[in-house]
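J.:
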Amino acid sequence: MSASSGTASVGQQTWVGVGALLIGVLMAYGASFISSDAGYAGIGPNALPWFVAVVLMLCGGWLIWEARSGGYREMEAPSGAEQGDWRAAAFVIGGVVANAALITVIGFILACSLCFALAVRGLRMSEGKPGGGPRQCLLDGLTGLIIAAPVFWLFTKVLAINLPGLTASGWL
1 MSASSGTASV GQQTWVGVGA LLIGVLMAYG ASFISSDAGY AGIGPNALPW
51 FVAVVLMLCG GWLIWEARSG GYREMEAPSG AEQGDWRAAA FVIGGVVANA
101 ALITVIGFIL ACSLCFALAV RGLRMSEGKP GGGPRQCLLD GLTGLIIAAP
151 VFWLFTKVLA INLPGLTASG WL
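Counting along the sequence shown from 1, when you hit position 128 you're at 128 in UniProt numbering, and nothing is skipped either side.
1) Suppose you measure from the CA of Ser-9 to the CA of Ile-23; what does that come to, to the nearest Å?
2) Looking at the ligand MG, does it come within less than 7 Å of Ala-88, judged from the CB to the closest heavy atom?
3) Within 10 angstroms of the Cβ of Gln-13, are there 16 or more other Cβ atoms? Answer buried if so, exposed if not.
4) Could you pull out every unbroken alpha helix (DSSP H) segment of at least 4 residues lying fully inside the UniProt domain "DUF1468" (16 to 164), listed in chain order?
5) Rounded C-beta distance between Ala-148 and Phe-108? I'm assuming under 8 Å.
6) Tell me which residues share the same chain as Gly-112 and place their Cβ nearer than 7 Å to its Cβ, disregarding the 5 neighbours each side in the sequence.
7) So which of Gly-122, Met-27 and Ile-103 has the shortest CA-CA distance to Val-54?
8) What distance in whole Å lies between the Cβ atoms of Ala-119 and Gly-84, which are believed to be in contact at a cut-off of 8 Å?
9) Nearest CA to the CA of Cys-137: which residue from Cys-115, Trp-65, Phe-152 and Val-158?
10) Quick one: what's got a C-beta closer than 6 Å to Trp-50's C-beta in the same chain, skipping five residues either side?
11) Is Ile-43 buried or exposed, if buried means 16 or more other CB atoms sit within 10 Å of its CB?
12) Under 8 Å between the Cβ atoms of Met-57 and Leu-21?
13) Can you check whether the CB of Ile-161 is closer than 8 Å to the CB of Phe-155?
Structural data, given as structure tokens:
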């Protein structure tokens with residue numbers, strides 16, 4: 001699709017590229033504070049953040065060039081609603097923020113279960129479906145628990161990677 005089809009202006013498309021470029025710059029800034037001491041196979045812990053930062057900056061530059069040279073080409077018309085569903089987005093964002101804020105307080109398993117339950121509620125709402133009552137919330141939380149617990153145990157017991165737990169036993 002060219003910029004003339006009216007679904008997204010060249011200015012809006014340019015801002016998408018600028019956003020990607022700025023996120024890449026911020027990631028590069030953050031990566032500069034990570035130790036570069038070589039680890040396994042001579043690669044330090046800052047290799048992946050630097051790689052992602054560089055790729056984001058390249059993609060941002062490419063998106064800006066595409067927008068400025070005629071708009072995103074062969075882009076299909078967007079589907080869905082004209083406006084974003086901010087209530088649904090608030091549940092998804094709230095789940096991620098709650099996970100980050102509570103992971104060291106209530107442990108990995110419970111924090112991830114809460115994140116899952118909130119995110120699923122938001123995604124359900126974004127499709128125009130009801131978010132769910134108390135029973136659905138409980139089911140979503142249990143599903144999150146069924147997913148998070150084996151991940152926690154795999155990382156802590158098999159891979160010996162420390163994740164925040166609820167108890168000192170290492171099982172919760």
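Positions of the beta carbon are idealized from the N, C-alpha and C atoms, including for glycine.
T.: The short version:
1) 22 Å
2) This structure lacks the ligand MG; in fact it carries no ligand of any kind.
3) buried
4) 47 to 68, 86 to 126 and 134 to 153
5) 7 Å
6) Sequence inspection shows Cys at residue 112; the Gly mentioned does not correspond to that position. These residues qualify, in order along the chain: Asn-99, Gly-144 and Ala-148.
7) Met-27
8) Contact doesn't hold; Cβ gap of about 16 Å is too wide.
9) Cys-115
10) Ala-31
11) exposed
12) yes
13) yes
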